[in-house]
Structures are given as C-alpha cells and as structure tokens.
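Residue numbers (the numbering used here), protein chains in the order written: chain A, 5 to 202; chain B, 5 to 202.
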DNA sequence: TGAAATAAGTCAACATGGCTGACATAACCG
DNA sequence: CGGTTATGTCAGCCATGTTGACTTATTTCA
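Shown next as structure tokens:
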C-alpha cells in the first residue's frame with residue numbers, strides 16, 4: 005500500500021499550481037468573526053476521529069474472543085460502572101432503541117454477565133446489575149483504554165485534565181448535560197445485591 | 005422515561021450500604037503507581053463516548069436527507085479535505101476493507117460527488133477529487149461540528165487547544181501517528197483538477 | 001376503583017456498514 | 001516476460017441500528 009507520506013507529498017508537489025485555492029484557509033465565505041479558523045476546527049474534527057477510532061481498537065479485539073461486539077462493551081461498561089441503572093436509563097445513555105438494546109442485553113443476560121432485579125419503588129423497572137464475570141470482563145476491556153488515556157494525558161502535559169474534561173463536557177448536547185453529569189456523579193457502582201451466580 | 009437524575013439518586017440512597025465497595029477507588033489491585041486513578045480514567049472514557057456520540061449527531065441528521073450515512077460523511081470529509089488522495093490512502097485512513105469502501109464510494113461517484121483520475125506517476129492509482137457538489141455538502145456537514153468544537157474549546161478556556169491537540173494525537177496508535185500527521189499536514193486541499201461536472 | 005400512562009419485552013422486517021474469500025484487470029518493476 | 005501492486009467486483013455473512021405493532025405488568029390519577 006502506498007505510504008501516505010509519499011502520496012501526500014507527491015500530491016502537493018503537483019504541477020497545476022494554478023488552481024491555487026478557491027478557499028484559501030481561514031473562514032470560507034459566510035461567517036466571518038471566527039476566532040478559531042475553520043481549518044483548525046476541521047483539524048480537531050479529524051483528530052477526534054482518529055483518536056476515537058484507535059480508542060476502540062483494543063477492546064474490539066478482546067471482544068471478538070468472547071463473541072461480543074462494541075455494543076456489548078457499551079452495555080457492559082455502563083451496567084458495571086453504574087450498577088443498578090434501569091433499562092430506560094441505559095437506553096437514554098446509549099441513545100438507541102429498546103429493540104436494538106434488547107438483542108445485546110439478552111445475550112449478556114443469557115451468558116451470565118448481567119442480572120436483572122425489579123425496582124423496589126417501581127416494580128415495573130428492571131434494574132441491571134453486573135455479575136462478577138461482567139466485572140472481570142469490563143475491567144479487562146477498560147484496561148487498555150485506561151492505559152491509552154493515562155499515557156495521552158501524560159503526553160499532553162499538566163493541566164490537560166481540566167481542559168479536556170471541560171472540553172468533553174461542552175461537546176455534549178446542552179440538553180443532555182444534566183443527564184450526563186447525573187449519571188457520572190453516580191459513578192461509584194451503587195450496590196451489588198444482584199445474584200452473583202455467573 | 006425515568007429521569008436519570010432521579011433514578012441515580014434513588015440508587016445511591018439505597019439501604020444495603022453494607023456492600024460498601026470491594027474496589028474502593030484508586031487502582032484496582034494489579035498496577036500500583038497510577039498517577040491518575042482508575043476511576044478518573046474511566047470518567048474520561050465515558051466523557052469521550054458522550055462527546056463523540058453527540059459530535060456525530062448533527063451531520064447524521066443532515067445525511068439522512070441525502071440518503072447517505074456516516075460512512076459517506078467520512079469519505080466525503082477526507083476526499084474534500086485531502087483532495088487527490090488515492091484509494092489506498094483512504095482505506096488506510098478509514099481502516100476498513102476495500103469492499104466496504106467500494107459501496108459508499110461508488111454511490112458518491114454515481115451521484116456526482118466524487119470524481120476519479122488516474123495518477124500521473126502511477127496510472128494504476130485512482131486519485132479521488134471532490135466535485136463542487138461535494139464541497140458544498142461537506143461544508144454543510146462540517147458546519148455544526150465546527151460550531152460545536154468552537155464552542156467547546158471556548159467553554160474549556162484558553163490553553164485548551166494545545167492540550168487537546170497533544171492529547172488527541174497521543175491517543176492515536178503510535179505506529180499510526182506518522183501517517184496521521186502526514187495526511188493532516190496535507191490539509192490545504194491540494195488541487196482541484198477533477199472534472200467539476202456534478 | 002378503573003382507565004390511562006408507563007416500563008419493559010417481543011415479533012417481524014429492513015437498512016447500514018462492517019467482514020471474508022475469490023477472482024479479474026491494468027499497470028508497474030526488475 | 002513474470003511477479004507484484006492498485007483497484008474493482010461478485011457473493012455472502014454478521015453486527016447493530018431502525019420502524020411499527022402489540023403484550024404484560026404496574027403505577028398513577030381522576
């Protein structure tokens with residue numbers, strides 16, 4: 005396969021320098037007073053894509069050995085970290101339909117990773133709890149991601165944590181922010197009364 | 005649907021305080037000298053998920069009106085921003101198979117968003133160029149993302165850009181970093197000799 | 001108390017976008 | 001000329017998302 009470096013280099017040393025650039029750099033026509041140039045913002049968009057692409061790689065590989073996919077990982081993660089959350093909450097967090105969730109959730113339940121318990125105050129609810137098996141797998145999936153994050157934070161230098169946290173929070177839809185912070189506030193896995201039977 | 009805030013609150017004010025926590029907070033067993041607690045890292049993982057989830061929302065909605073999906077967006081983005089890149093380069097960037105790319109690429113070509121031209125130095129290559137139509141759509145898709153990024157960067161305060169850039173770069177697989185920086189260096193869409201015919 | 005609303009589950013069909021495997025064509029390179 | 005490379009394509013499979021319709025248990029409220 006062509007080395008990107010080469011191709012890209014070749015691309016820019018092309019003759020046709022005439023078609024210089026219809027849209028120079030900065031802001032492209034319409035909106036003017038952008039503090040951050042449009043180009044810079046697109047670079048961040050690109051970097052975000054690359055970062056997220058690789059962020060999911062390690063767990064994806066592990067999941068294959070278990071016959072699971074990324075969707076299972078997400079469920080596993082949230083049930084493990086926010087033990088006892090309801091199905092509706094999980095749907096809300098994942099922003100998928102219940103039919104879509106149902107497939108992976110059923111598999112995780114069948115294979116003994118998740119147990120359900122009726123809510124005490126509202127017995128219609130099915131609260132979700134991880135089994136020990138789930139905790140082990142979730143931790144194994146999280147491990148490479150934690151390492152990656154720790155290294156990246158370190159590489160980015162002191163002060164990154166604060167900036168990054170604020171940035172990521174602000175990236176979330178404004179209406180969703182309360183929900184996100186509330187679920188994140190409940191991080192310390194609440195209770196583990198769920199049947200441990202894996 | 006249950007308000008997350010409620011549910012979560014109820015969850016934590018549960019009796020059963022006995023099952024306090026097998027794994028307090030910090031690091032869980034194995035590796036010791038973690039500067040950043042495991043919990044904090046998991047919070048970043050979660051925030052990253054939420055941020056990326058919402059980052060893709062606006063363009064996804066627009067794409068539906070065009071009968072396109074997120075895969076088309078990615079192709080559109082990279083061809084637009086790195087005009088003239090080869091199929092192999094695109095595959096490399098997206099990390100998907102050529103069969104998978106072929107589907108969306110064909111549609112984009114058929115609908116007049118992308119044109120191909122044989123490479124001059126290597127005529128086996130099919131270099132990809134955006135048409136005017138593609139540029140317009142790509143810009144429209146990018147707009148809400150740029151706004152979101154700009155606002156988030158602003159909200160996160162001065163100094164965020166540098167930290168964020170370094171962080172995101174470090175999140176990329178080490179082996180991939182040269183490729184990523186080389187393609188990003190070629191940002192200023194090289195040339196637009198591709199037939200403009202939309 | 002009884003009807004409406006809510007939480008969850010399920011069936012069925014379909015769309016998107018990944019994947020593997022196999023094979024074809026054209027162009028490059030030594 | 002022969003092997004490698006860049007691209008394209010057929011065919012089928014899998015994971016995961018969607019809509020729509022309907023059921024059951026439970027809660028809420030007039």
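Ideal Cβ positions, reconstructed from N, Cα and C, are used throughout, including at glycine.
Item, Value
"Please determine, among 115/A, 181/A and 148/A, the residue with the shortest C-alpha to C-alpha distance to residue 49/B.", "148/A"
"If you pair each beta-carbon of the segment 151-168 of chain A with each one of the segment 120-137 of chain A, do three or more pairs fall below 8 Å?", "no"
"So residue 134/A and residue 87/A are in contact, right, with Cβ under 8 Å, and what is the actual spacing, rounded?", "6 Å"
"Note down, in chain order, every chain B residue with its Cβ under 8 Å from the Cβ of residue 73/A.", "What residue 73/A touches in chain B: nothing, since even the nearest Cβ is about 15 Å away."
"For the alpha helix (DSSP H) containing residue 111/A, list its first residue and its last residue.", "102-114"
"Between 111/B, 152/B, 121/B and 169/B, which has its C-alpha nearest residue 89/B's C-alpha?", "121/B"
"From residue 144/B to residue 136/B, what does the alpha carbon distance come to, in whole angstroms?", "12 Å"
"Would a C-beta distance cut-off of 9 Å place residue 51/A and residue 188/B closer than the cut-off?", "yes"
"Compare the Cα-Cα distances from residue 172/B to each of 46/A, 45/A, 56/A and 42/A and report the closest residue.", "56/A"
"Hey, is residue 76/B's beta-carbon within less than 9 Å of any beta-carbon in chain A?", "no"
"Nearest CA to the CA of residue 104/A: which residue from 76/A, 71/A, 181/A and 69/A?", "76/A"
"Return the Cβ separation of residue 80/B and residue 178/B in integer angstroms, given the expectation that the two are a contact with Cβ distance under 8 Å.", "Not a contact, Cβ separation roughly 28 Å."
"If you draw a straight line from the alpha carbon of residue 112/B to that of residue 93/B, how long is it in whole angstroms?", "17 Å"
"Does DSSP classify residue 151/A as helix, strand or coil?", "helix"
"Give the interface partners of residue 149/B over in chain A, defined as CB-CB distance under 7 Å, in chain order.", "49"
"Would you check if the distance between the CB atom of residue 45/A and the CB atom of residue 153/B is smaller than 9 Å?", "yes"
"Counting only Cβ pairs nearer than 7 Å, list the residues of chain A close to residue 59/B.", "52 and 175"
"Would you report the Cα separation of residue 176/B and residue 78/B, rounded to the nearest angstrom?", "17 Å"
"Anyone know if the C-beta pair for residue 58/A and residue 74/A falls short of 9 Å?", "no"
"Return no unless some Cβ of chain A is closer than 9 Å to the Cβ of residue 157/B.", "yes"
"Provide the residue span of the beta strand (DSSP E) that contains residue 59/A, from first to last.", "Careful: residue 59/A lies outside any beta strand (DSSP E), inside the alpha helix (DSSP H) at 42-59."
"Give the DSSP-derived three-state secondary structure of residue 184/A in the structure shown.", "helix"
"In chain B, which residues lie less than 9 Å from residue 144/A when you measure between Cβ atoms?", "Neighbours of residue 144/A on chain B: none; closest Cβ ~11 Å, over 9 Å."
"Would you call the CB atoms of residue 138/B and residue 83/B closer than 9 Å?", "yes"
"Let me check understanding here. Comparing Cα to Cα, which of 72/A, 85/A and 43/A lies closest to residue 110/A?", "72/A"
"Of all the options 132/A, 98/A and 62/A, which has the alpha carbon lying nearest to the alpha carbon of residue 124/A?", "132/A"
"Tell me the residue span of the alpha helix (DSSP H) that contains residue 78/A.", "74-85"
"What does residue 117/B reach in chain A if we use C-beta pairs closer than 8 Å?", "Within 8 Å Cβ-Cβ: nothing; residue 117/B doesn't reach chain A, min ~17 Å."
"Along the segment 84-101 of chain B, what residues have a CB closer than 7 Å to any CB found in chain A?", "85, 88, 89, 90, 92, 93, 96 and 99"
"In terms of residues, what are the limits of the alpha helix (DSSP H) holding residue 92/B?", "91-98"
"What did DSSP end up calling residue 119/A once you bin it into helix, strand or coil?", "strand"
"For residue 65/B and chain A, any beta-carbon pair shorter than 9 Å?", "no"
"List, in order along the chain, the chain B residues whose C-beta lies closer than 8 Å to that of residue 152/A?", "175"
"Taking C-alpha atoms, which residue in 95/A, 140/A, 146/A and 174/A lies nearest to residue 116/A?", "140/A"
"Does chain A have any CB closer than 9 Å to the CB of residue 45/B?", "yes"
"Please report how far the alpha carbon of residue 165/A lies from the alpha carbon of residue 151/A, in whole angstroms.", "15 Å"
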